[in-house]
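Here's the structure, in structure tokens; my notes come after.
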Amino acid sequence: MSVLNAPDLRSSSRLRADGVRLAYDSHVVVDELSLSIPDGKVTAIVGANACGKSTLLRALARLLRPTAGRVLLDGEEIHRLKTKEVARRLGLLPQSSTCPPGILVADLVARGRSPHQRLLQQWSLADEDMVRDALIATETLDLADRPIDELSGGQRQRVWIAMVLAQATPLLLLDEPTTFLDIAHQIDVLDLVADLNQRRQTTVVMVLHDLNQACRYADHIVAMRAGRIVADGRPSDVITAELVEEVFGLECIVITDPLAGTPLVVPRVRRQCAAHSAQLLEYAAI
Numbered sequence: 004m005s006v007l008n009a010p011d012l013r014s015s016s017r018l019r020a021d022g023v024r025l026a027y028d029s030h031v032v033v034d035e036l037s038l039s040i041p042d043g044k045v046t047a048i049v050g051a052n053a054c055g056k057s058t059l060l061r062a063l064a065r066l067l068r069p070t071a072g073r074v075l076l077d078g079e080e081i082h083r084l085k086t087k088e089v090a091r092r093l094g095l096l097p098q099s100s101t102c103p104p105g106i107l108v109a110d111l112v113a114r115g116r117s118p119h120q121r122l123l124q125q126w127s128l129a130d131e132d133m134v135r136d137a138l139i140a141t142e143t144l145d146l147a148d149r150p151i152d153e154l155s156g157g158q159r160q161r162v163w164i165a166m167v168l169a170q171a172t173p174l175l176l177l178d179e180p181t182t183f184l185d186i187a188h189q190i191d192v193l194d195l196v197a198d199l200n201q202r203r204q205t206t207v208v209m210v211l212h213d214l215n216q217a218c219r220y221a222d223h224i225v226a227m228r229a230g231r232i233v234a235d236g237r238p239s240d241v242i243t244a245e246l247v248e249e250v251f252g253l254e255c256i257v258i259t260d261p262l263a264g265t266p267l268v269v270p271r272v273r274r275q276c277a278a279h280s281a282q283l284l285e286y287a288a289i
């Protein structure tokens, strides 16, 4: 479904961008982009490297101020809201995160509760439960007493996700959440995100590189190229061979995933292209 044919979600969407221009110094990355995030759904932003995916996510998370246009959270311009108020409504997992040397896993995850602390309402049993639930959900409870410095890249990523989960926000933004993870843990993380969305109706926006994972786990896909949105909508409406070639410059065929029933992108191989394509088309017809 192209942007021009997409339903108007602006009146009800909690998070949206209206005509934003995003730049680093004088270099404009995104210009005149408008997007409404569907509430209660999982949205995946996809596109080739340097197309503006992460830049857009940073703007939605209030980390990058537009030079034109605005980002709205619950109808209010996000940069006019207090930082702590935004953190109660919106959680973010950036591409790369840093933490104090030697900090323990449990202490880092507990920092996710900071936006909910007040002068007269400090750490509570409810906070303790939220941290424990986040550790269990990400299978990091057994790492709670270990320093972050001692963990593998995959373990660290799951701990950072646990911290964002402990924040318990209705909106969750994830920038390449499967980075550093092997395929089994990638699926674990994406299953966790899907479960969080289904059980808590958490609205999720994530930048993903794997197009097939985006099709399988997202309700809504935003395809970007050169700082603009080429198409957005349901995976079955958006992901076509023509769209993949336009966005990624990749020749492919799109068949139906035999397990999930979602679009499955199969690149055309460089060698023996005709023979392989015939086999794939035969399989698609089964």
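For the sequence shown, the working numbering begins at 4 and goes up steadily by one. For every residue, glycine included, the Cβ atom is placed at its ideal position computed from N, Cα and C. Given the structure is predicted, the values throughout are model-derived calculations rather than measurements.
Looking at L67, I186, R202, T182, the one whose alpha-carbon comes closest to that of A171 is R202. Rounded to the nearest whole angstrom, the CA to CA distance from H188 to P266 is 22 Å. Counting along the chain, I256 sits inside the beta strand (DSSP E) bounded by residues 255 to 259.
It is roughly 12 Å from the alpha-carbon of R121 to the alpha-carbon of D130.
When DSSP states are grouped into helix, strand and coil, G115 belongs to the helix group.
For L128, the secondary structure class from DSSP, reduced to helix, strand or coil, is helix.
Bounds of the alpha helix (DSSP H) holding T58 are 56 to 63.
Classified as buried, L184 has 16 or more neighbouring CB atoms from the shown chains inside 10 Å of its CB. No Cβ-Cβ contact shorter than 8 Å links L67 with L36. Collapsing the DSSP output to three states places S37 in a strand. Ranked by Cα distance from V32, the first of R19, G55, I40 is G55. Apart from sequence neighbours up to five positions away, the residues of its chain that approach V134 with a beta-carbon distance below 6 Å are V112, A113, A169, ordered along the chain. Taking R219 as the centre and dropping the five residues before and after it, the same chain places the C-beta of A263, T265 closer than 6 Å to its C-beta, in chain order.
Secondary structure of E142 (DSSP, three-state): coil. Contact between T206 and K87 is ruled out by a C-beta separation of about 20 Å, above the 8 Å threshold.
Spatial neighbours of D148 in its own chain (CB-CB distance under 8 Å, excluding positions within 5 residues in sequence) are listed in chain order as L107, V108, A109.
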